[in-house]
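Residue numbers (this note's numbering), protein chains in the order written: chain G, 4 to 133; chain B, 12 to 382. By construction, the Cβ of each residue, glycine as well, lies at the ideal position given by its N, Cα and C atoms. Note sheet for the following structure.
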Amino acid sequence: MNPETLRYNSSHEWVGIVEENGEQIAIVGITDFALEQLTDLVYMALPQVGTQLSAGDEFGEVESVKAVSPLYCPVDGQVVEVHQELVDNLEQLAQDPFGSGWIIKLRVGGNVSLDNLLDYDAYRKQCAEA
Amino acid sequence: MLTSQNTPLTSWHRAHQARMVDFAGFEMPIQYSSIVAEHLATRSSVGIFDISHMGRLRFEGVEASRLLDFLLTRRVTDMRPGMVRYSLMCNAEGGILDDVLVSCLKTPSDREFFLLVVNASNRAKILKWIQPHMAEFPGVEFADVTEDTAMIAVQGPFATNLIERLLPAKVLNLKYYRSIVTEQMSKPCIVSRTGYTGEDGFELIVRSQDALRVWENLLLAGREHGILPVGLGARDTLRLEAAMPLYGHELNEQIDPFTAGLGFAVNLEERIFLGASALSEKQNCAGNISRVGLRVTGRRPAREGCCLLDTEGNVVGEVTSGTFSPTLQYPIAMGYLSSALSRTGQVIEVDIRGSKTEAQVVELPFYHRTK
Numbered sequence: 004m005n006p007e008t009l010r011y012n013s014s015h016e017w018v019g020i021v022e023e024n025g026e027q028i029a030i031v032g033i034t035d036f037a038l039e040q041l042t043d044l045v046y047m048a049l050p051q052v053g054t055q056l057s058a059g060d061e062f063g064e065v066e067s068v069k070a071v072s073p074l075y076c077p078v079d080g081q082v083v084e085v086h087q088e089l090v091d092n093l094e095q096l097a098q099d100p101f102g103s104g105w106i107i108k109l110r111v112g113g114n115v116s117l118d119n120l121l122d123y124d125a126y127r128k129q130c131a132e133a
Numbered sequence: 012m013l014t015s016q017n018t019p020l021t022s023w024h025r026a027h028q029a030r031m032v033d034f035a036g037f038e039m040p041i042q043y044s045s046i047v048a049e050h051l052a053t054r055s056s057v058g059i060f061d062i063s064h065m066g067r068l069r070f071e072g073v074e075a076s077r078l079l080d081f082l083l084t085r086r087v088t089d090m091r092p093g094m095v096r097y098s099l100m101c102n103a104e105g106g107i108l109d110d111v112l113v114s115c116l117k118t119p120s121d122r123e124f125f126l127l128v129v130n131a132s133n134r135a136k137i138l139k140w141i142q143p144h145m146a147e148f149p150g151v152e153f154a155d156v157t158e159d160t161a162m163i164a165v166q167g168p169f170a171t172n173l174i175e176r177l178l179p180a181k182v183l184n185l186k187y188y189r190s191i192v193t194e195q196m197s198k199p200c201i202v203s204r205t206g207y208t209g210e211d212g213f214e215l216i217v218r219s220q221d222a223l224r225v226w227e228n229l230l231l232a233g234r235e236h237g238i239l240p241v242g243l244g245a246r247d248t249l250r251l252e253a254a255m256p257l258y259g260h261e262l263n264e265q266i267d268p269f270t271a272g273l274g275f276a277v278n279l280e281e282r283i284f285l286g287a288s289a290l291s292e293k294q295n296c297a298g299n300i301s302r303v304g305l306r307v308t309g310r311r312p313a314r315e316g317c318c319l320l321d322t323e324g325n326v327v328g329e330v331t332s333g334t335f336s337p338t339l340q341y342p343i344a345m346g347y348l349s350s351a352l353s354r355t356g357q358v359i360e361v362d363i364r365g366s367k368t369e370a371q372v373v374e375l376p377f378y379h380r381t382k
């Protein structure tokens with residue numbers, strides 16, 4: 004995914020909408036900035052396929068040697084795929100956070116709104132000020 | 012508004028992109044690069060730590076050793092220059108006020124003095140605790156030298172190599188838990204062979220104005236060994252692998268030394284000290300809970316505050332420190348567990364934010380360096 008076309012939570016999750024088999028699918032991950040801040044990842048907890056999530060819901064957590072960080076869902080939708088392999092290969096997450104490091108996919112309605120989320124520029128601005 | 016205090020090295024840490032946190036009122040580095048990298052550098056090579064936040068209290072005069080003997084759970088009156096002891100300070104109920112290192116030292120002009128290194132988080136409390144007893148031991152010259160000095164730990168298998176190159180040869184002859192007043196580049200320096208990592212190493216106390224030079228000399232001397240500056244993050248994972256208790260986690264005023272597994276640091280024989288009568292009662296009755304080490308199944312660390320459960324789901328203890336061990340590559344934790352269940356090999360469960368995970372009581376320390 005191209006980071007510039009994605010939308011962001013201020014809590015560092017990204018979301019991109021794609022069409023798969025005629026359905027609107029939201030792909031969700033966490034940003035390179037978040038991963039740089041976390042360092043030393045040791046554990047990741049992910050939701051079950053089928054879980055219904057609303058924007059703002061906690062859907063999992065990433066844990067580093069130092070601390071636990073909850074993951075917050077950026078959009079409403081139902082979990083259709085979970086990137087389970089990441090759990091045993093956290094380096095992949097750190098190496099390619101916007102590509103093979105995706106975390107979950109959600110089925111979202113046709114009129115999904117991303118208006119409440121930050122765009123690329125606003126998100127980078129937030130990181131620069133952090 | 013309270014602002015945090017700097018150590019003489021805070022600006023160096025900031026200039027080297029350390030992530031800074033407030034710790035007990037001091038602005039301290041939590042990590043420079045990665046906690047795991049800093050941890051492993053200390054285990055395999057050498058790391059240096061700014062530990063200037065630790066409180067340094069100086070006592071001098073004929074009554075100094077008697078005052079400290081009255082305040083501490085271990086004997087001080089028989090200490091000779093060069094000796095260091097791990098000790099505790101307890102309240103009248105036998106609860107732990109702080110765990111400390113006390114050193115007996117001699118100045119170049121042959122004057123004996125004592126140095127008490129206390130936890131940063133307890134310094135104000137300890138100053139207040141000591142104060143009323145000063146009058147009972149007249150002639151003790153007391154000074155809190157924390158802010159006039161800096162403290163740097165050099166830890167790891169190559170620590171001796173660095174010290175060999177930067178300090179007088181006699182320092183290398185220091186045995187474990189021995190200390191000496193010496194010089195680094197003609198400037199005063201107290202060196203002790205102590206540490207909080209489970210590795211061989213030294214702790215240096217220098218004047219504030221000399222701290223930056225000593226720090227940079229150490230980094231330069233250690234460059235060929237891949238030396239890293241180490242933050243509080245790895246200091247915590249290192250001490251946890253070595254099963255060293257940390258005040259505010261394993262130790263507090265509700266815990267007595269025997270429950271904490273620190274009975275070796277209590278000497279009740281023919282001594283009068285604060286907390287002695289409460290401690291002599293506790294010594295002979297087995298406590299309900301004990302400090303244990305736990306190996307947690309899987310990869311998810313159990314953190315401080317996680318409940319320990321028996322097979323029926325009853326709460327039988329609590330985690331006081333937990334992390335993912337960078338050396339052992341599995342989660343480890345220390346905590347207090349019902350004494351009936353605290354035998355090595357006992358399997359229990361730990362509630363990690365709602366999910367019950369199996370854990371086993373293991374012998375401490377988790378990590379033992381090969382000599």
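In this structure the stretch 91 to 105 of chain B touches the stretch 281 to 297 of chain B; the number of beta carbon pairs closer than 8 Å is three or more.
Separation of S15 of chain B and G106 of chain B (C-alpha to C-alpha, rounded to the nearest whole angstrom) is 29 Å.
Contact with chain G is found for G244 of chain B, since one of that chain's Cβ atoms lies less than 8 Å from the residue's Cβ.
The alpha-carbon of G259 of chain B is positioned some 27 Å away from that of S76 of chain B.
Beyond the five residues adjoining it in sequence on each side, F62 of chain G comes within less than 6 Å, by CB distance, of P50, L56, L74, C76 in the same chain, given in chain order.
Taking the Cβ atoms as the reference, I46 of chain B lies roughly 14 Å from G333 of chain B, outside the contact range of under 8 Å. Shown here for A370 of chain B: same chain residues with a beta carbon closer than 8 Å to its own, the five before and five after excluded, namely L305, R306, V307, T308, A313, L319, A344, V358, I359, E360, V361 in chain order. Taking a cut-off of 8 Å on C-beta distances, the stretch 185 to 198 of chain B does not touch the stretch 17 to 36 of chain B, as fewer than three cross pairs fall below it. The criterion of a C-beta distance shorter than 8 Å is satisfied by F153 of chain B and F70 of chain B. The stretch 113 to 120 of chain G and the stretch 133 to 142 of chain B do not touch, with fewer than three beta-carbon pairs separated by less than 8 Å. A direct Cα-Cα distance of roughly 15 Å separates R311 of chain B from T248 of chain B. Around the Cβ of K367 of chain B, a 10 Å sphere holds fewer than 16 other Cβ atoms; the residue is exposed. The straight-line gap separating the alpha-carbon atoms of L230 of chain B and I216 of chain B is approximately 16 Å. Close partners of D43 of chain G in chain B (Cβ separation under 7 Å): S45, I46, V47. Per DSSP, G58 of chain B is one residue of the beta strand (DSSP E) stretching across 58 to 61. According to DSSP, residue pairing for K198 of chain B in a beta bridge involves B:Q195. When the Cα atoms are used, L177 of chain B and A232 of chain B turn out to be separated by approximately 8 Å. Just measuring C-alpha positions, the residue of B:K139, B:D121, B:G93, B:P119 sitting nearest L112 of chain B is B:G93. Comparing alpha carbon positions, the residue from B:E214, B:G242, B:L348, B:K198 closest to L173 of chain B is B:E214. Chain G places a beta carbon closer than 8 Å to that of R311 of chain B, counting this residue as a contact.
Under the three-state reduction of DSSP output, I107 of chain B falls in the strand class. Cβ contact annotation for N263 of chain B (same chain, cutoff 7 Å, sequence separation greater than five): I107, in chain order.
Across the set B:S349, B:S55, B:P337, the C-alpha of B:S349 shows the shortest separation from the C-alpha of V326 of chain B. Residues of chain G with a Cβ closer than 9 Å to the Cβ of F335 of chain B are, in chain order, D43, V45, Y46, E66, S67, V68. If you draw a straight line from the Cα of G209 of chain B to the Cα of R246 of chain B, it comes to about 10 Å. The three-state secondary structure of K69 of chain G, taken from DSSP, is coil.
Counting only Cβ-Cβ distances below 7 Å, T248 of chain B has contacts in chain G at V68, in chain order.
Here the C-alpha atom of E39 of chain G lies approximately 12 Å from the C-alpha atom of E94 of chain G. For G274 of chain B, the secondary structure class from DSSP, reduced to helix, strand or coil, is helix. The alpha-carbon separation between N17 of chain B and G104 of chain G amounts to approximately 39 Å.
Taking the C-beta atoms as reference points, V111 of chain G is found nearer than 8 Å to V78 of chain G. In the displayed model, F269 of chain B falls within coil according to three-state DSSP, outside both helix and strand. In the three-state DSSP reduction, A48 of chain G falls in the strand class (E or B). L239 of chain B is positioned such that its CB atom lies closer than 8 Å to that of E49 of chain B.
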